[in-house]
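According to the working numbering, the sequence shown is numbered sequentially starting from 4. All C-beta atoms, glycine included, are put in the ideal place defined by N, C-alpha and C. Below is one structure, written out as structure tokens; comments come after it.
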Amino acid sequence: MTETIISAAAFIGTANHGFGQHAQEEIRRLFQTGTQFRHLIPSEVFWFSIPESKSAATQTILDQEPMFLRHMQPVDAELEWDGTLSGLRDFVRSRLEVEAGAKVAVQVRKTESVGGDITTAACKQMVDELLVNEYAAMPVAKDADFVISLFLTEDNAYYGISKPEHNVSDWSGGAIRFRKEEGQVSRAKFKLLEAERTFGLDFSQYRSAIDIGAAPGGWTSLLLERGVKVTAVDPAKLDAGLLKHPRLTFLQKNAGEVSFPPQSFDLLVCDMSWSPRQMAKLIKGLLYSLQTGGSAIITVKLMHKKPFQTVRELTQDLSPELELQKAKQLFHNREELTLFLIKS
């Protein structure tokens, strides 16, 4: 087995399936020249290197976070391994260096080509045992001081250690998992939960929201849970379990048929399966009802796989009233992006 220590800034990036090439394009635009890529899982997971220091490259990516890069882990060393757990243990032992008492999360991922007897759970347990027995460190699932990342292919093992905030997402591969609740209206709720976390929001701090295209009510249900007064607008029916909620006003109409007093809401949300420019026109017509400084969370459907052009046109359509703060393809997005904007 051959181990290679990586001196350049090398990482493994992850995007939603089918959008890896878009994440690579954004990284390429950030660094202009010298960036190299190779696929680990086609259209989803890729290795890339940048001709800068790891800290400088990481900071650039975090400061100008790509829309399609869901997660990244550093690659501090690579191993041409024999596919055995013992070989992996020796490799990790040679790289490990943490202080006693440190809280460490171990995240292991692998490609389908890795033998079924090498499970991610067994690999994680092996590293956890090394941490406890040889370093007196504390393996944790969250609130870690450091993350040890292992990515395994049939022929190679990639190792890196980083602070959780340097990985774009502190979830393994950026795959944020929420537990489905009994009586949950729809899985669309997970998108808004993830948006709240990704954009650093706290929906309980808002007072009054308008949900455009609300049916069946997944986003409305979360906002009600957070204590927000919600006006839901949709010609389709809302989930019957929501209709008696004291903070809900349901208008079973098209969004173009409703009107409100100016500055009625401090939050506008919209998750509709319309073309982006049609949706922008509809939202634009209701922006008078959003307070200055109010927030908007909008899902944008990538109908023609031209995401950069789509976001550019949409933000132009919504300007100058709405200013884009961040656009991200969330783990719970599919052929879409989620945008966070503020009314100026």
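Local conformation of residue i per DSSP, three classes
i: Tyr161; result: strand
i: Leu241; result: coil
i: Arg112; result: strand
i: Arg280; result: helix
i: Pro167; result: helix
i: Leu63; result: Residue identity check: residue 63 is Thr in the sequence provided, not Leu. In this structure, Thr63 counts as helix in the three-state DSSP scheme.
i: Glu326; result: strand
i: Trp156; result: One detail in the question is off: residue 156 reads as Thr in this sequence, not Trp. Here Thr156 sits in coil by DSSP.
i: Ala11; result: coil
i: Leu321; result: helix
i: Glu260; result: helix
i: Lys331; result: strand
i: Lys57; result: helix
i: Ala105; result: coil
i: Glu83; result: strand
i: Val150; result: strand
i: Phe253; result: strand
i: His42; result: strand
i: Val236; result: strand
i: Met141; result: strand
Endpoints, alpha helix (DSSP H) assigned at residue i
i: Thr123; result: Thr123 to Tyr138
i: Arg31; result: Gly23 to Phe34
i: Arg98; result: Leu88 to Arg98
8 angstroms Cβ shell around residue i - same chain, five flanking residues per side excluded
i: Leu305; result: Thr313, Glu338, Glu339 and Leu340
i: Gly37; result: Ile53 and Pro54
i: Ser278; result: Lys304 and Met306
i: Asn159; result: Glu81, Leu82, Glu83 and Trp84
i: Glu137; result: Arg96 and Leu99
i: Ala144; result: Ala108
i: Ala140; result: Val101, Glu102, Ala103, Gly104, Ala105, Lys106, Val107 and Leu134
i: Thr156; result: Leu43, Lys113, Thr114, Ser116 and Val117
Cβ shell of residue i (< 7 angstroms), same chain only, five flanking positions each side left out
i: Gly163; result: Gln76, Pro77, Val78, Asp79 and Ser152
i: Lys127; result: Val109 and Val111
i: Thr201; result: Lys331 and Leu333
i: Phe253; result: Ala235, Leu241 and Leu246
i: Glu197; result: Ile179, Leu333, Phe334 and His335
i: Ile44; result: Thr114
i: Tyr291; result: Pro265
i: Arg41; result: Phe49 and Trp50
i: Arg229; result: Phe206 and Ser207
Sequence-distant residues of the same chain with beta carbon closer than 6 angstroms to residue i, five excluded per side
i: Ser347; result: Glu326
i: Ile213; result: Thr234, Phe268 and Leu271
i: Gly259; result: none
i: Asp237; result: Gly216, Ala217 and Ala218
Continuous beta strand (DSSP E) stretch holding residue i: start and end
i: Thr38; result: It is not in any beta strand (DSSP E) - Thr38 carries neither H nor E in the DSSP assignment.
i: Asp146; result: Per DSSP, Asp146 belongs to no beta strand (DSSP E) and is neither H nor E.
i: Ser52; result: Val48 to Ile53
i: Asp269; result: Phe268 to Cys273
i: Pro77; result: His74 to Pro77
i: Gly177; result: Looking at the DSSP string, Gly177 is not in any beta strand (DSSP E), and its letter there is neither H nor E.
i: Lys346; result: Glu339 to Lys346
i: Ala18; result: Neither: Ala18 is in no beta strand (DSSP E) and is coded neither H nor E.
Residue-level contact to chain D via CB, residue i, 8 angstroms cutoff
i: Trp277; result: Here chain D cannot be found, since the structure has a single protein chain.
Kindly confirm or deny that the stretch 110-121 and the stretch 201-215 touch, where touching means at least three C-beta pairs closer than 8 angstroms.
Judged by Cβ distances under 8 angstroms, the stretch 110-121 makes no contact with the stretch 201-215, as fewer than three pairs qualify.
Kindly confirm or deny that the stretch 67-84 and the stretch 99-108 touch, where touching means at least three C-beta pairs closer than 8 angstroms.
no
Does the count of Cβ pairs from the stretch 143-153 and the stretch 106-115 closer than 8 angstroms reach three?
yes
Just to confirm the assignment: which complete beta strand (DSSP E) runs, minimum length 3, are found wholly within the stretch 279-316?
293-304
Considering only residues of the stretch 184-231, which uninterrupted beta strand (DSSP E) runs meet the minimum length of 3 residues and lie entirely inside it, listed in chain order?
211-215
Any 3 or more C-beta pairs closer than 8 angstroms across the stretch 172-179 and the stretch 211-228
The answer is no - the stretch 211-228 does not touch the stretch 172-179, with fewer than three Cβ pairs under 8 angstroms.
Touch check for the stretch 274-284 and the stretch 248-256: three-plus C-beta pairs under 8 angstroms?
no
Would you check if the stretch 17-32 and the stretch 57-74 touch, i.e. whether three or more CB-CB distances between them fall below 8 angstroms?
The stretch 57-74 is in contact with the stretch 17-32.
Using 8 angstroms as the threshold, is the stretch 12-24 in touch with the stretch 42-51, meaning 3 or more CB pairs across them?
yes
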